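Protein chains in written order, with the numbering used here: chain A, 1 to 206; chain B, 207 to 283.
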């Protein structure tokens, strides 16, 4: 997070990790992207602002991350051009880490595409963004419970103020492949799998 | 009482019981079976039909709304 640059063409630094930032339209992916890379992607308060994509890099604990800001999508079964771009980017970067961005006020909708990503077996991390908006609407999101359920790191952020962004950057290296079967089991209350997420940074919920 | 979503009056609330069209398209937008929704806008001819599910506003065509069966829970009056 110390150095950042953004560019249209992706040239990959040696040994870096590609991070695909994915989520519903209008959840603040570009705002988060700007926060993490110091870039200047267009952010506006209406959906469909990112129809192309941008990439940027940052260094966290000596590791280079190339973040790609993917257009918003509701699912991985594309229904329009922007969604097709999103799906193609997932396909083109099979080794990438996926950062799924959720709107804290609309988590259930965001989790639909999050689970679709997890089904693909890509390492994931979830950012629950717009925590300030949720707070205003008196919505609380149980981050610890979500992390326990999904078995991947879940971090709360407010991209507009920068809250939690540092933590998100640090947690990127802990992104991991989710086990869809285990998630279903935990949802149905079977197999009291209460083991904590590997590398949890002590959220207190485990 | 089970009716088509397109027949739900303004302001009335209902629970989604059946989706007879592509469920995927509606599910990924947050409209799923068992969810409670409220009718916000309903334009004649082709729509749009707009419903509110929690914080979500979902717009769809009238043909889509005709394929959704809901159970009314309140008139909103």
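Backbone N, C-alpha and C fix where the C-beta goes; we use that ideal spot for every residue, glycine too.
All values reported here derive from a predicted model rather than from experimental measurement.
query = Would the segment 129-140 of chain A and the segment 111-120 of chain A be scored as touching if the rule is three or more Cβ pairs under 8 Å?
reply = With the cut-off at 8 Å, the segment 129-140 of chain A and the segment 111-120 of chain A do not touch.
request  = Report buried or exposed for residue 147 of chain A, applying the criterion of at least 16 other Cβ atoms within 10 angstroms of its Cβ.
outcome  = By the Cβ neighbour-count rule, residue 147 of chain A is buried, with 16 or more other Cβ atoms within 10 Å of its own.
message = Can you give me the C-alpha to C-alpha distance between residue 168 of chain A and residue 117 of chain A, rounded to a whole angstrom?
response = Straight-line Cα distance between these residues: approximately 19 Å.
query = Measuring CA to CA, which of A/20, A/120, A/25, A/24 is closest to residue 36 of chain A?
reply = Considering only alpha carbons, the answer is A/20.
query = Is the segment 216-228 of chain B in contact with the segment 240-251 of chain B, if contact means three or more CB pairs nearer than 8 Å?
reply = Touching, yes.
task = Below 8 Å on the Cβ atoms is my guess for residue 129 of chain A versus residue 103 of chain A; work out the distance and round it to an integer in Å.
result = Indeed, because the Cβ distance is near 6 Å, the residues count as touching under 8 Å.
request  = Note down, in chain order, every chain B residue with its Cβ under 9 Å from the Cβ of residue 113 of chain A.
outcome  = One finds 234 in chain B with Cβ atoms closer than 9 Å to the Cβ of residue 113 of chain A, taken in chain order.
message = For chain A, check one thing: does any of its Cβ atoms lie closer than 8 Å to the Cβ of residue 262 of chain B?
response = Yes, contact with chain A.
request  = Determine the DSSP secondary structure at residue 55 of chain A, reduced to helix, strand or coil.
outcome  = In the three-state reduction of the DSSP assignment, residue 55 of chain A falls in the strand class, which pools E and B.
task = List in chain order: all unbroken alpha helix (DSSP H) runs of 4+ residues lying wholly within the segment 209-254 of chain B.
result = Listed in chain order, they are 229-233.
query = Out of B/240, B/268, B/257, which has the shortest C-alpha to C-alpha gap to residue 221 of chain B?
reply = Nearest to residue 221 of chain B by C-alpha distance, out of B/240, B/268, B/257, is B/240.
key: Contact set between the segment 54-67 of chain A and chain B, restricted to residues whose Cβ is under 9 Å from the partner   = Of all residues in the segment 54-67 of chain A, none comes within less than 9 Å of chain B when Cβ atoms are compared.
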